[in-house]
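Number of protein chains: 2
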Amino acid sequence: MSDAKAATLNTRIRADISERILSGAWPPGHRIPFEHELMVQYGCSRMTVNKALAPLAESGLLVRRKRAGTFVSRPRIHSVVLDIPDIAAEVSGRGETYGYDLLSRKVRQATRREVEELDLSAPGPIVVLRCLHRAGGRPFALEERLINLESVPEAQAVDFARTAPGSWLLGHVPWTEAEHRISAANVERATAQVLGIEATAACLVLQRRTWRGTDKITHVRLIFPGDAYDLVARFAPSPGAPPRPTA
Amino acid sequence: MSDAKAATLNTRIRADISERILSGAWPPGHRIPFEHELMVQYGCSRMTVNKALAPLAESGLLVRRKRAGTFVSRPRIHSVVLDIPDIAAEVSGRGETYGYDLLSRKVRQATRREVEELDLSAPGPIVVLRCLHRAGGRPFALEERLINLESVPEAQAVDFARTAPGSWLLGHVPWTEAEHRISAANVERATAQVLGIEATAACLVLQRRTWRGTDKITHVRLIFPGDAYDLVARFAPSPGAPPRPTA
DNA sequence: CGGTTCGTTATGTCTATACAATATCGCGAC
DNA sequence: GTCGCGATATTGTATAGACATAACGAACCG
Numbered sequence: 028m029s030d031a032k033a034a035t036l037n038t039r040i041r042a043d044i045s046e047r048i049l050s051g052a053w054p055p056g057h058r059i060p061f062e063h064e065l066m067v068q069y070g071c072s073r074m075t076v077n078k079a080l081a082p083l084a085e086s087g088l089l090v091r092r093k094r095a096g097t098f099v100s101r102p103r104i105h106s107v108v109l110d111i112p113d114i115a116a117e118v119s120g121r122g123e124t125y126g127y128d129l130l131s132r133k134v135r136q137a138t139r140r141e142v143e144e145l146d147l148s149a150p151g152p153i154v155v156l157r158c159l160h161r162a163g164g165r166p167f168a169l170e171e172r173l174i175n176l177e178s179v180p181e182a183q184a185v186d187f188a189r190t191a192p193g194s195w196l197l198g199h200v201p202w203t204e205a206e207h208r209i210s211a212a213n214v215e216r217a218t219a220q221v222l223g224i225e226a227t228a229a230c231l232v233l234q235r236r237t238w239r240g241t242d243k244i245t246h247v248r249l250i251f252p253g254d255a256y257d258l259v260a261r262f263a264p265s266p267g268a269p270p271r272p273t274a
Numbered sequence: 028m029s030d031a032k033a034a035t036l037n038t039r040i041r042a043d044i045s046e047r048i049l050s051g052a053w054p055p056g057h058r059i060p061f062e063h064e065l066m067v068q069y070g071c072s073r074m075t076v077n078k079a080l081a082p083l084a085e086s087g088l089l090v091r092r093k094r095a096g097t098f099v100s101r102p103r104i105h106s107v108v109l110d111i112p113d114i115a116a117e118v119s120g121r122g123e124t125y126g127y128d129l130l131s132r133k134v135r136q137a138t139r140r141e142v143e144e145l146d147l148s149a150p151g152p153i154v155v156l157r158c159l160h161r162a163g164g165r166p167f168a169l170e171e172r173l174i175n176l177e178s179v180p181e182a183q184a185v186d187f188a189r190t191a192p193g194s195w196l197l198g199h200v201p202w203t204e205a206e207h208r209i210s211a212a213n214v215e216r217a218t219a220q221v222l223g224i225e226a227t228a229a230c231l232v233l234q235r236r237t238w239r240g241t242d243k244i245t246h247v248r249l250i251f252p253g254d255a256y257d258l259v260a261r262f263a264p265s266p267g268a269p270p271r272p273t274a
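Chains as they are written, first to last, in my numbering: chain A, 28 to 274; chain B, 28 to 274.
This is the structure in structure tokens:
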């Protein structure tokens with residue numbers, strides 16, 4: 028990184044320390060200098076050192092123990108940030124024209140399986156949608172969407188013929204929690220036909236459930252032909268901006 | 028949230044604000060109170076307010092502009108944290124016994140394809156490994172691993188008959204950058220046979236490249252039978268525990 | 001009218017200090 | 001020896017004040 032930039036003290040301390048850790052100079056388990064020592068070393072106040080170290084600890088690079096000191100953490104779990112983009116954005120980002128078709132729309136009680144997918148406690152009214160996303164005329168992804176009408180009654184009045192449910196929900200219903208599940212699967216013959224692929228072709232399946240507090244909002248299953256889409260995640264533990272969900 | 032307590036002021040301010048945003052009370056684009064106002068409201072110093080808001084801005088929930096104020100940002104991308112566990116840990120975490128077999132090990136010059144996979148600038152000596160990870164006796168994942176001997180010459184002396192290359196590398200070679208790619212694919216007949224699955228069965232393919240600075244370290248392709256493994260990511264933008272990418 | 005300057009305002013960073021919480025260490029009692 | 005407990009070192013959180021930085025807007029001048 029050519030950070031020829033605004034090196035504030037805070038930034039410099041963080042950079043120095045994570046550089047030493049990532050280069051291996053300070054191996055996992057190593058005790059790094061005390062706040063008091065760093066404060067002398069950098070000629071700054073302890074608050075500044077503390078403000079620099081706190082995010083590194085929060086991010087898991089360091090472990091801090093009172094009375095003991097600050098240590099380089101050992102668990103090297105591969106934890107990565109994955110951006111799951113809006114499909115329309117993804118498609119037009121590739122320079123292809125985005126297309127959307129509503130295949131079916133039903134309002135009914137949730138089946139036992141749908142109750143489970145939506146994490147409901149009991150069967151209730153839901154909207155069931157099947158939509159096809161296209162890229163440059165060719166099928167790009169099949170969307171199977173459930174919306175819980177008990178949490179989102181407004182959805183009953185929307186026909187989703189032109190607006191993809193994902194976009195509508197994003198604009199209308201805030202969420203507080205989401206769970207993603209990524210898997211590979213063979214799909215049913217009918218699904219393969221809609222997607223224009225061989226029945227044996229592997230598909231990438233992305234499922235997402237979202238909640239608002241304890242209210243169940245929606246469940247979506249996106250099915251991508253295996254050759255259409257790769258999820259890519261890049262992780263560069265730069266000392267600068269820790270990409271973080273929140274807080 | 029029934030987090031019973033340990034509410035420091037810092038925590039409370041963050042919790043209040045993200046709650047208001049996530050509940051929709053403060054919609055995207057809304058200007059939240061100035062630091063000075065919050066400082067009066069909570070009866071604390073501006074430093075404390077600043078320390079509470081800074082991480083929210085860093086995480087993307089807020090956008091701060093000098094002279095203008097602090098605004099709720101429009102969240103568009105679903106950004107999730109994915110933990111890609113060590114396979115041994117994953118298997119024993121399920122209560123199954125973990126097994127490991129080295130299928131083949133070669134040291135040779137990188138082919139054109141391997142040069143690309145490792146992001147090399149020119150063909151050089153590499154170690155090529157094929158390993159099978161088993162869970163409770165049954166195949167769990169096939170690992171195809173390339174190690175760049177120019178960056179990691181020690182790897183030439185290791186035979187990997189008992190230690191999985193992932194574990195060895197984690198303990199011996201620090202890395203600074205990684206790229207992950209997740210896809211679904213049909214595999215070759217020989218691969219299917221090793222995994223004990225039908226040749227048409229969909230597989231989840233996880234590829235990872237790692238660098239240390241500009242040095243290329245390794246490339247690994249993990250192939251999971253589609254029914255063996257789901258990657259799960261949970262994202263709860265609660266002010267509590269910040270899941271985060273890290274080394 | 002158009003461009004420049006300068007003041008105002010909000011955030012960004014840092015300091016010096018204070019007190020609280022807590023884990024570890026070492027000492028003394030048994 | 002070992003157990004318990006208190007002293008103490010280290011981090012956690014907060015404060016009030018200071019100066020830096022950036023951007024908007026209004027006043028000023030050509």
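By construction, the Cβ of each residue, glycine as well, lies at the ideal position given by its N, Cα and C atoms.
- Listed in chain order, the beta strand (DSSP E) runs fully inside the region 138-212 of chain A are 152-162 and 165-175, counting runs of at least 3 residues.
- R47/A sits in a helix when the DSSP states are folded into three classes.
- Secondary structure of R248/A (DSSP, three-state): strand.
- In the displayed model, A217/B falls within a helix according to three-state DSSP.
- Of all residues in the region 88-109 of chain B, only L88, R103, I104, H105, S106, V107, V108 and L109 place a beta-carbon less than 7 angstroms from a beta-carbon of chain A.
- Between the alpha carbons of I244/B and P55/A lies a distance of about 19 angstroms.
- Between V200/A and V179/A, the CB-CB gap stays under 8 angstroms.
- Burial check for T237/B: the Cβ neighbour count within 10 Å reaches 16 or more, so the residue is buried.
- Residues of chain B whose Cβ lies closer than 7 angstroms to the Cβ of N77/A do not exist, since the nearest Cβ in that chain is about 10 angstroms away.
- Here the region 105-120 of chain B does not lie against the region 60-69 of chain B, with fewer than 3 beta-carbon pairs under 8 angstroms apart.
- The beta-carbon of R58/B is placed no less than 8 angstroms from the nearest beta-carbon of chain A.
- Chain B places no beta carbon closer than 8 angstroms to that of I174/A, leaving this residue out of the contacts.
- Using a Cβ-Cβ cut-off of 8 angstroms, S131/B is close to nothing in chain A; its nearest Cβ partner there is about 25 angstroms away.
- Burial is judged here by how many other beta carbons sit within 10 angstroms of a residue's own beta carbon; V134/B has fewer than 16 and is exposed.
- Taken in chain order, the members of the region 222-241 of chain A whose beta-carbon sits within less than 7 angstroms of a beta-carbon on chain B are T227, A228, A229, C230 and L231.
- The way I'd put it, the region 158-168 of chain A does touch the region 117-130 of chain A; three or more beta-carbon pairs between them come closer than 8 angstroms.
- The secondary-structure analysis by DSSP pairs W238/B across a beta bridge with E204/B and K243/B.
- Judged by their CB atoms, A191/B and L249/B are not nearer to each other than the 8 angstroms cut-off.
- Non-local beta-carbon contacts of R239/B in its own chain, meaning distances under 6 angstroms to residues more than five positions away in sequence, involve W202 and T203 in chain order.
- By DSSP's assignment, K133/A forms a beta bridge with V155/A.
- Selection W53/B, D146/B, A212/B and A182/B evaluated against S100/B yields W53/B as nearest (Cα-Cα).
- In the DSSP assignment, R73/A falls outside any beta strand (DSSP E) and within the unbroken alpha helix (DSSP H) covering R73 to E85.
- For R140/B, no chain A residue has a C-beta closer than 8 angstroms to its own C-beta; the minimum C-beta separation is roughly 17 angstroms.
- Across the structure, V214/B and A229/B are spaced so that their CA atoms are roughly 8 angstroms apart.
- Chain A places no beta carbon closer than 8 angstroms to that of L156/B, leaving this residue out of the contacts.
- When 9 angstroms is used as the limit between beta carbons, G122/B is near no residue of chain A, the shortest such separation being about 20 angstroms.
- In the displayed model, G126/A falls within a strand according to three-state DSSP.
- The residue among E225/B, A226/B and V232/B with its C-alpha nearest the C-alpha of H207/B is V232/B.
- What A219/A touches in chain B, judged by beta-carbon distance under 7 angstroms, is nothing: the nearest beta carbon there is about 11 angstroms away.
- Comparing alpha-carbon positions, the option among S131/A, A149/A, D128/A and L129/A lying closest to T138/A turns out to be A149/A.
- In the DSSP assignment, S106/B falls within the unbroken beta strand (DSSP E) covering H105 to I111.
- When only Cα atoms are considered, Q220/A and A81/B end up about 50 angstroms apart.
- Residue range L89 to R92 is occupied by the beta strand (DSSP E) that includes L89/B.
- Contact annotation: L130/B and R157/B have beta-carbon atoms nearer than 8 angstroms.
- The beta carbon of A260/A is closer than 7 angstroms to those of V107, V108 and L109 in its chain, skipping five residues each way along the sequence.
- According to the DSSP secondary-structure assignment, F61/A is paired through a beta bridge with no residue.
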